[in-house]
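Asker: As numbered in numbering that gives the first Met the number 0, the sequence shown has no gaps in its residue numbers, which increase by one up to the final residue, 326.
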Amino acid sequence: MNEVEKKLQEFKIWYDAELPYHDDSIGFFCKLISTIPKVEMVKGRTKRYEECIGKFTRKYLPFIDPQENNFMVSDYLTDLVGIRAVCFYAEEVYDIRRGLRRYFKELEISDKSSQLEKTDDKFGYKSLHLQLVLKRGLKGIDDAEKFRDLQFELQIRTVIQDAWSILDHKIKYKKSIPQNIKRRVNRLSALFEIADEEFSNIQRVISKEELKINARLKKGGQIETRKILDVFRFLFIALKYFPDYDFVEHKVDGFVQEILMLKSDFTEGAFNEALQGNLPYVNTLEKSINQQLNPYTKIRYCLYKSDAERFKSMLSGHQQGVFDDLR
Numbered sequence: 000m001n002e003v004e005k006k007l008q009e010f011k012i013w014y015d016a017e018l019p020y021h022d023d024s025i026g027f028f029c030k031l032i033s034t035i036p037k038v039e040m041v042k043g044r045t046k047r048y049e050e051c052i053g054k055f056t057r058k059y060l061p062f063i064d065p066q067e068n069n070f071m072v073s074d075y076l077t078d079l080v081g082i083r084a085v086c087f088y089a090e091e092v093y094d095i096r097r098g099l100r101r102y103f104k105e106l107e108i109s110d111k112s113s114q115l116e117k118t119d120d121k122f123g124y125k126s127l128h129l130q131l132v133l134k135r136g137l138k139g140i141d142d143a144e145k146f147r148d149l150q151f152e153l154q155i156r157t158v159i160q161d162a163w164s165i166l167d168h169k170i171k172y173k174k175s176i177p178q179n180i181k182r183r184v185n186r187l188s189a190l191f192e193i194a195d196e197e198f199s200n201i202q203r204v205i206s207k208e209e210l211k212i213n214a215r216l217k218k219g220g221q222i223e224t225r226k227i228l229d230v231f232r233f234l235f236i237a238l239k240y241f242p243d244y245d246f247v248e249h250k251v252d253g254f255v256q257e258i259l260m261l262k263s264d265f266t267e268g269a270f271n272e273a274l275q276g277n278l279p280y281v282n283t284l285e286k287s288i289n290q291q292l293n294p295y296t297k298i299r300y301c302l303y304k305s306d307a308e309r310f311k312s313m314l315s316g317h318q319q320g321v322f323d324d325l326r
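(1) How would you label I288, buried or exposed, when you count the other beta carbons within 10 angstroms and need 16 or more for buried?
(2) Just checking: is the beta-carbon of D195 within a distance shorter than 8 Å of some beta-carbon in chain D?
(3) Going by alpha carbons, who is nearest to E67 out of E209, N1, Q150 and F198?
(4) Taking DSSP's pairing of strands, which residues face E2 in a bridge?
(5) Buried or exposed: where does Y48 fall if 16 or more other Cβ atoms within 10 Å of its Cβ makes it buried?
(6) Whole angstroms are fine: how far does the CA of Q178 sit from the CA of F270?
(7) CB-CB under 8 Å to Y295, same chain, minus the five flanking residues each way: which ones, in chain order?
(8) Can you tell me the Cβ-Cβ gap for R147 and L133, rounded? I've got them flagged as a contact below 8 Å.
(9) Counting pairs of Cβ atoms below 8 Å between the region 175-195 and the region 156-164, do you hit three or more?
(10) If you draw a straight line from the alpha carbon of S312 to that of D141, how long is it in whole angstroms?
(11) Excluding the 5 residues preceding and the 5 following S73 in the sequence, name in chain order all residues of the same chain whose CB lies nearer than 7 Å to its CB.
(12) Let's see if you can read the secondary structure: which residues bound the alpha helix (DSSP H) around L274?
(13) Taking all protein chains shown into account, do 16 or more other C-beta atoms lie within 10 angstroms of the C-beta of V247, making it buried, or fewer, making it exposed?
(14) Please go through the region 32-88 and give each complete beta strand (DSSP E) segment of 3 or more residues, from N-terminal end onward.
(15) With DSSP as the reference, label F246 as helix, strand or coil.
(16) Does the Cβ of K297 have 16 or more other Cβ atoms within 10 Å, making it buried, or fewer, making it exposed?
(17) In the structure shown, what three-state DSSP assignment does Q147 receive?
(18) Excluding the 5 residues flanking Q226 on each side, which residues of the same chain have their C-beta closer than 7 Å to its C-beta?
(19) Do you know how far the Cα of G43 is from the Cα of D264?
(20) Rounding to the nearest angstrom, what Cα-Cα distance links L187 and S33 in this structure?
(21) Give, in chain order, every unbroken run of the alpha helix (DSSP H) that is at least 4 residues long and sits entirely within the region 152-226.
(22) Got a sec? Which residues, its chain only, sit under 8 Å from E39 by beta carbon, not counting five neighbours each side?
(23) Who are the near neighbours of F28 in its chain, counting only those whose CB is closer than 7 Å to its CB and skipping five residues on each side?
(24) Determine the DSSP secondary structure at S263, reduced to helix, strand or coil.
(25) Measure the CB-CB distance between E91 and K37 and report whether it falls below 8 Å.
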């Protein structure tokens with residue numbers, strides 16, 4: 000048995016003995032990282048023994064002096080424990096990195112996104128790779144002492160980067176393939192990159208529109224009477240009458256669609272008139288039936304009162320009856 004074979008055998012014994020400890024660390028690190036703001040999903044794995052040997056023999060063994068016998072295979076495998084954190088938007092990757100500094104010390108960083116962006120003809124696997132270890136003296140965190148010396152690799156990706164990474168690993172023979180197939184893979188990779196950027200761009204535009212709503216409300220902005228209603232114009236009007244209510248995004252989206260399906264040219268001005276002219280009556284109705292109505296229901300009643308024929312489907316038969324009986 001030569002020296003390399005001996006070292007590989009020693010590593011196998013060490014790997015099997017330490018496997019339960021490494022597997023336990025996955026749950027600990029995933030739980031801790033999931034508390035970082037903007038992290039939507041965390042997964043982890045311990046690198047399989049065969050993967051470890053493959054990486055060592057391919058990447059490190061060729062550069063070790065054949066006469067060297069004072070080394071351990073495990074010292075070269077700093078990603079034995081790997082964690083993956085997923086967020087929605089590209090800009091959140093660095094927010095997460097900043098949040099991690101509360102618990103972890105960075106030992107090494109590899110920004111594959113920045114590396115790819117410096118090229119003009121390459122697309123593909125993008126993420127931020129961090130080599131981390133727990134900070135000393137963490138208080139109130141169970142098992143922090145147990146895993147304080149364990150280095151691990153954390154990859155931070157967006158959902159789209161993560162999806163491409165998974166699909167990319169399913170594509171066989173990516174390097175030595177005919178040029179026409181390689182071109183198709185590159186085109187697909189570029190589409191994922193464009194989608195990731197557009198997803199972030201759309202979110203930024205939406206955030207700006209939400210800020211505009213707040214600015215219009217604070218400044219007492221004029222109602223744009225002829226503009227077709229959309230979620231932002233709905234919120235501008237609705238928050239004037241219900242300033243303390245938390246209008247949840249997906250509910251607002253569906254509610255506005257319901258209105259526009261009944262009247263596609265319904266405007267911001269018409270919506271304001273429906274609330275301004277009918278909300279006092281609906282508030283009186285609320286008192287008479289001795290039942291607290293949420294803003295959505297009040298808006299439904301206001302629309303019904305403004306145009307019963309067009310908006311009757313926005314109320315149930317029972318609600319229509321209650322309303323009509325009190326007229």
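The C-beta atom is built at its ideal place from N, Cα and C for all residues, glycine as well.
Answerer: Concretely, from the data shown:
(1) Against the sequence shown, residue 288 aligns to sequence position 289. I288 comes out exposed.
(2) Absence of chain D from the displayed structure is noted, only one protein chain being present.
(3) On the sequence shown, position 68 is the one that residue 67 refers to. Of the listed residues, the one whose Cα sits closest to E67 is N1.
(4) Counting from 1 along the sequence shown, the entry for residue 2 is found at position 3. For E2, which the question treats as bridged, DSSP gives no partner whatsoever.
(5) As a first step, residue 48 is located in the sequence shown; it is residue number 49 there, counting from the start. Label assigned to Y48: exposed.
(6) Here residue 270 refers to the residue found at position 271 of the sequence shown. Here residue 178 refers to the residue found at position 179 of the sequence shown. Answer to the nearest angstrom: the Cα atoms are 58 Å apart.
(7) The residue given as residue 295 occupies position 296 in the sequence shown. So the qualifying residues of the chain are K250 and F254.
(8) In the sequence shown, the residue the question calls residue 147 occupies position 148. In the sequence shown, the residue the question calls residue 133 occupies position 134. Contact holds; Cβ gap of about 5 Å.
(9) yes
(10) Indexing the sequence shown from 1 puts residue 312 at position 313. Indexing the sequence shown from 1 puts residue 141 at position 142. S312 and D141: Cα-Cα distance of roughly 55 Å.
(11) Against the sequence shown, residue 73 aligns to sequence position 74. Cβ neighbours of S73 beyond the five flanking positions: F10 and W13.
(12) Here the question's residue 274 lines up with position 275 in the sequence shown. Here the alpha helix (DSSP H) through L274 covers E267 to S287.
(13) One-based indexing of the sequence shown puts residue 247 at position 248. By the 10 Å Cβ count, V247 comes out exposed.
(14) 40-45 and 80-86
(15) Sequence index remark: in the sequence shown, residue 246 carries index 247 (1-based). Here F246 sits in coil by DSSP.
(16) Counting from 1 along the sequence shown, the entry for residue 297 is found at position 298. It is buried - the Cβ of K297 has at least 16 other Cβ atoms within 10 Å.
(17) Counting from 1 along the sequence shown, the entry for residue 147 is found at position 148. Contrary to the premise, residue 147 reads as Arg rather than Gln in this sequence. R147: coil per DSSP, three-state reduction.
(18) To locate residue 226, count along the sequence shown from 1; it is residue 227. It should be noted that the sequence gives Lys, not Gln, for residue 226. Excluding residues within five positions, the ones whose Cβ falls inside 7 Å are R232, T266 and E267.
(19) Translated into the one-based positions of the sequence shown, residue 264 becomes position 265. Translated into the one-based positions of the sequence shown, residue 43 becomes position 44. Whole-angstrom Cα-Cα distance: 51 Å.
(20) The residue given as residue 187 occupies position 188 in the sequence shown. The residue given as residue 33 occupies position 34 in the sequence shown. Between L187 and S33, the C-alpha separation is close to 31 Å.
(21) 158-169 and 178-218
(22) The residue given as residue 39 occupies position 40 in the sequence shown. Cβ neighbours of E39 beyond the five flanking positions: V85, C86, F87 and V158.
(23) Position 29 of the sequence shown, counting from 1, holds the residue named residue 28. Taken in chain order, the residues that qualify are G43, I82 and F151.
(24) Taking the first residue of the sequence shown as 1, we reach residue 263 at position 264. Of the three classes helix, strand and coil, the one that applies to S263 here is coil, per DSSP.
(25) Taking the first residue of the sequence shown as 1, we reach residue 91 at position 92. Taking the first residue of the sequence shown as 1, we reach residue 37 at position 38. Cβ distance < 8 Å, so E91 and K37 count as in contact.
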